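Here's the structure, in structure tokens; my notes come after.
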Amino acid sequence: MIQVKLPDGTVKEYADGSTALDVAMSIGERLAQATIAAEVNGTVVDAMRPIDELAEGDGPIELSLLTTRDAKALGVLRHSCAHVMARAIMRLFDGVGLAFGPTTGNGFYYDFDLATPISEDDFPKIEAEMQKIVKEAEPFERFSMTRDEAVTFCRDLNQELKCEHIETGLADYDSLSFYRQGEFVDLCRGPHIPDAGRIKAFKVLSVAGAYWKGDASNRSLQRVYGTAFFSKDDQKEYLAQLEEAKRRDHRVLGKQLGLFNISNDVGQGLSLWLPKGATVRALLEEFIKKELMARGYQPVYSPHIGRVEMYETSGHFPYYRESQFAPIFGHDAGQLVDYWIRRSQEGDLSTEDEQQIAHTAELMGCGCACDALKAPSVDDKVNVLHTWEKTQERYLLKPMNCPHHVQMYKSQPRSYRDLPVRLAEFGTVYRHEASGQLNGLLRVRGLTQDDAHLFCTPEQVEAEFKDTLDLVKFVLESVGLDDYRIQLSKRDPNSDKYVGSDELWDNAESTLRRVLEESGLNFTECEGEAAFYGPKADFMVKDCIGREWQLGTVQLDYNLPARFDLEYIGADNKPHQPVMIHRAPFGSMERFVGMLIEHFAGAFPLWLAPEQIRICPVTDKALDYAEKVQQRFRREGFRVTIDRRSAKVNAKIRDAQLDLIPYMLIVGPKDEEQNAVSLRDRIAKEGETGGTDLGMMPIDAAVARLKEEVNALRVRQVVKSQFRSFETTDDEEQHEY
RNA sequence: GCCACCGUAGCUCAGUCGGCAGAGCGACGCUUUCGUAAAGCGUAGGUCCUCGGUUCAAGUCCGAGCGGUGGCUCCA
């Protein structure tokens with residue numbers, strides 16, 4: 025007999041080998057029907073699995089039944105649905121290799137190694153096959169075998185990737201579990217739903233490429249995404265919310281509201297800020313400039329290009345070469361010589377090709393080409409070419425502002441009394457992001473950071489870091505962005521991409537952690553996400569469909585000061601090295617405004633709205649008075665337009681409402697008589713839709729009311745997205761499947 | 001960059017089997033002069049992404065390129 029303790033505290037006895045389903049049945053048949061899985065001693069397991077397999081010690085086994093109402097059960101359902109999809113695809117295609125098939129926040133995917141491309145056109149037949157499997161409602165049966173047996177078993181099934189995974193990823197496990205459903209068998213940790221009939225709604229959503237184990241050097245797989253629910257209504261609701269979420273996409277709203285434009289005629293990833301978008305940006309810049317002045321920052325400006333040597337010193341070049349625009353060479357042959365150097369270093373240049381390159385370089389006026397060709401070794405050749413290169417001018421479109429600011433720090437001797445020095449600039453940088461990464465304003469190739477670099481003594485680091493964190497928080501709060509996550513991005517101790525000693529890194533990381541802890545902010549730590557020069561505290565925000573993006577960042581840097589030999593004279597009259605803090609509260613203006621558009625669903629608060637007020641004359645006869653009202657509001661500093669169409673006032677109101685204008689002024693003869701306006705608020709009263717008629721009031725009263733709202737930077741409404749994406753389980757867990 | 005899909009009027013989109021290029025909204029004109037979410041009528045607007053191929057004939061079929069979307073990888 026086994027003792028089972030239920031969540032309400034009661035302890036009952038059951039026969040050995042009883043399953044959660046048996047327990048459910050003993051309580052009631054309807055409960056048994058609703059039971060999807062169980063949680064035994066805190067682990068989610070199959071409802072059909074004997075409970076005593078999971079007993080720990082002598083005490084009663086803690087059991088809670090997971091029914092269709094539990095979020096954890098939904099995860100189990102979706103993973104089982106991934107198996108159903110894989111089974112369907114194996115029936116429809118030959119030679120399907122199975123990789124991983126985990127759940128995600130909103131559904132599941134399964135990766136397949138399959139030569140035939142799966143396209144969206146295949147979805148209906150995949151879904152039809154899945155429907156058959158669901159209808160058959162066969163059970164998921166669990167069984168285990170030893171590692172050796174498992175490898176042989178998978179090899180017999182022609183499941184190479186599973187074999188590889190057993191031998192590498194699962195090397196620590198002696199016994200491995202499999203699940204069988206009809207003819208389909210898969211290495212899988214589980215758990216699963218009792219039978220496929222529990223899947224009441226599912227949909228194959230998309231197909232994409234993915235790399236085996238997430239490594240771009242591995243073979244590429246086809247990843248098919250889908251989702252599943254316990255009821256058709258739930259799925260319908262989810263899909264509707266997803267559609268709704270896409271309507272607040274900043275690219276859609278940016279076009280609709282005339283905020284920005286990205287045109288191929290200008291270039292991929294190069295944004296054009298149209299007047300309305302530029303107004304939002306300018307207001308944000310003005311807002312933060314004021315705050316920076318108050319916090320002791322000094323404005324600086326730097327050019328858009330800088331010598332390559334400077335970025336070699338900083339380490340940005342050639343480390344990030346692949347994601348930078350090619351250098352600008354002062355000499356015609358510069359690019360060619362550069363290419364020659366790289367190919368020589370790679371060692372795959374044929375003699376014939378090299379002679380051709382040398383000849384062309386010579387022709388273009390590169391005096392060293394002959395010498396380089398005659399050099400006895402690759403090193404010597406590269407040396408000759410490098411020496412020549414360095415006598416030529418080479419510029420880089422700046423990928424970061426820090427080297428420029430470092431040079432400003434260096435432009436004069438510094439005393440400890442001068443520190444901290446805080447240099448701030450809206451610095452525009454250019455990065456050659458791979459084309460597949462570009463995404464509206466959220467990922468662009470030319471971006472402006474609200475950047476600043478703080479140079480301080482080691483003793484000042486904590487206070488300065490704390491102040492910058494406070495600044496980022498202040499900035500986000502002022503626009504009502506409270507749904508963010510803070511991530512402490514640390515180095516990956518097993519990687520060599522970072523500069524500086526382990527001691528410096530440990531020191532920097534623990535300083536960041538300490539200040540974050542002291543500030544009482546919630547944060548998670550993440551290895552391998554640091555910048556190459558130092559750890560960061562990143563502020564992460566989700567876009568309309570739940571993808572996470574980094575906005576604000578505060579970075580601690582002991583390395584660039586060393587690389588550039590920065591110093592200040594201390595109280596001891598000896599030189600010391602300052603510490604640098606890089607920080608950008610918005611991150612970039614592009615990404616921040618992009619996120620802000622989605623945050624507000626295009627409906628900016630009054631202080632940020634590009635068009636704050638629209639005057640809607642009741643008839644053309646009221647146009648003259650409308651002009652007078654516009655003049656007055658303009659003089660008071662408002663951005664105000666007049667709808668001059670001869671349409672009915674209802675139509676004008678409707679359009680202003682759809683254009684998300686915060687306030688409308690309805691003006692007609694009645695208003696003119698009393699030197700008044702009729703104010704309409706875009707925001708509806710609680711529980712109503714549409715806007716609110718605030719009634720007729722003297723112009724002065726309307727001006728005062730709106731001025732107060734602007735000056736307070738009031739955020740009256742953030743249209744909450746109905747769409748929620750769920751946290752995904754971490755990778756390690758996913759790969760257990 | 002990789003995989004899949006997509007590219008038609010300013011916007012959103014339809015276009016069947018290869019056979020005259022379409023709708024709604026917007027813009028413009030005329031009529032209407034209206035008080036809190038859409039007045040009526042009319043007009044203009046096209047390199048069907050680009051280049052090449054197949055064909056009597058290509059928006060439609062084929063190839064290449066450019067661009068976009070979703071995902072992967074990357075992200076100073």
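Position one of the first sequence corresponds to residue 25 (my numbering), numbered consecutively onward. For each residue, glycine too, the CB sits at the ideal point set by N, CA and C. Everything numeric in this text was worked out from a predicted model, so none of it was measured.
Inter-residue CB distance, residue i and residue j (contact presumed, cutoff 8 Å)
| i | j | result |
| --- | --- | --- |
| Asp581 | His606 | 6 Å |
| Ala61 | Asp70 | 6 Å |
| Leu316 | Ala458 | The Cβ separation is near 33 Å, so there is no contact. |
| Val769 | Leu294 | In the structure as shown, the chain begins at 25 and stops at 761. Residue 769 is therefore absent and cannot be evaluated. |
| Ile125 | Asp135 | It should be noted that the sequence gives Gly, not Ile, for residue 125. Between Asp135 and Gly125 the Cβ distance is about 7 Å, and since that is below 8 Å, they are a contact. |
| Leu4 | Lys434 | Since the displayed the chain opens at 25 and closes at 761, residue 4 lies outside it and no answer follows. |
| Arg6 | Gly320 | For the chain, the structure presents residues 25 to 761; residue 6 sits outside this window and is missing. |
| Gly618 | Ala646 | Actually they do not touch by this definition, with Cβ atoms about 39 Å apart. |
| Ile329 | Lys422 | 6 Å |
| Val228 | Phe164 | Val228 to Phe164, Cβ: 20 Å. No contact. |
Residue i: first and last residue of the uninterrupted beta strand (DSSP E) it sits in
| i | result |
| --- | --- |
| Ala561 | Lys560 to Lys566 |
| Ser534 | It is not in any beta strand (DSSP E) - Ser534 instead sits in the alpha helix (DSSP H) that spans Asp526 to Glu542. |
| Thr472 | Gly470 to Cys480 |
| Gln574 | Glu572 to Asp581 |
| Pro641 | Ile637 to Pro641 |
| Ala62 | Thr59 to Val64 |
| Ala448 | Val445 to Tyr454 |
| Gly233 | Ala225 to Tyr235 |
| Asp70 | Thr67 to Asp70 |
| His606 | Val603 to Ala608 |
Three-state secondary structure (DSSP) of residue i
| i | result |
| --- | --- |
| Asn395 | The residue you asked about is not Asn; residue 395 is Asp in the sequence shown. Reduced to three states, the DSSP call for Asp395 is helix. |
| Arg438 | coil |
| His410 | helix |
| Tyr197 | coil |
| Phe147 | helix |
| Ser50 | helix |
| Glu207 | coil |
| Thr170 | strand |
| Val739 | coil |
| Tyr363 | helix |
| Gln746 | coil |
| Gly214 | coil |
| Met334 | helix |
Residue j beta carbon less than 9 Å from that of residue i
| i | j | result |
| --- | --- | --- |
| Gly626 | Leu718 | no |
| Arg455 | Gln292 | no |
| Thr337 | Pro427 | yes |
| Val664 | Gln654 | yes |
| Phe254 | Leu101 | yes |
| Glu309 | Met613 | yes |
| Glu110 | Phe208 | Looking at the sequence shown, residue 110 is not Glu but Ala. Going by C-beta atoms, Ala110 is nearer than 9 Å to Phe208. |
| Thr170 | Asp198 | yes |
| Tyr249 | Tyr133 | yes |
| Phe556 | Tyr335 | no |
| Cys212 | Ser201 | yes |
| Ala225 | Ala264 | no |
| Ala44 | Val64 | yes |
| Lys490 | Ala554 | no |
| Ser42 | Pro84 | no |
| Ile381 | Trp364 | yes |
| Ile723 | Arg656 | yes |
| Thr833 | Pro218 | In the structure as shown, the chain starts at 25 and stops at 761, and residue 833 therefore has no counterpart that could be examined. |
| Asn285 | Gly278 | yes |
Residue range of the alpha helix (DSSP H) that includes residue i
| i | result |
| --- | --- |
| Asp491 | Val485 to Ser502 |
| Tyr649 | Leu647 to Arg659 |
| Thr303 | Pro299 to Ala318 |
| Thr384 | Thr375 to Leu387 |
| Cys550 | Looking at the DSSP string, Cys550 is not in any alpha helix (DSSP H); the run it does join, the beta strand (DSSP E), is Phe547 to Glu551. |
| Asn674 | Val673 to Leu682 |
| Gly618 | Met613 to His623 |
| Val691 | Where Val691 is concerned, there is no enclosing alpha helix (DSSP H), although the beta strand (DSSP E) it sits in stretches over Tyr687 to Val691. |
| Val100 | Ala95 to Leu116 |
| Asp257 | Lys256 to Arg271 |
Should the segment 626-636 be regarded as contacting the segment 682-702, the criterion being three or more beta carbon pairs within less than 8 Å?
yes
Taking 8 Å as the cut-off, does the segment 434-453 touch the segment 552-566 (at least 3 CB pairs, one atom from each stretch)?
no
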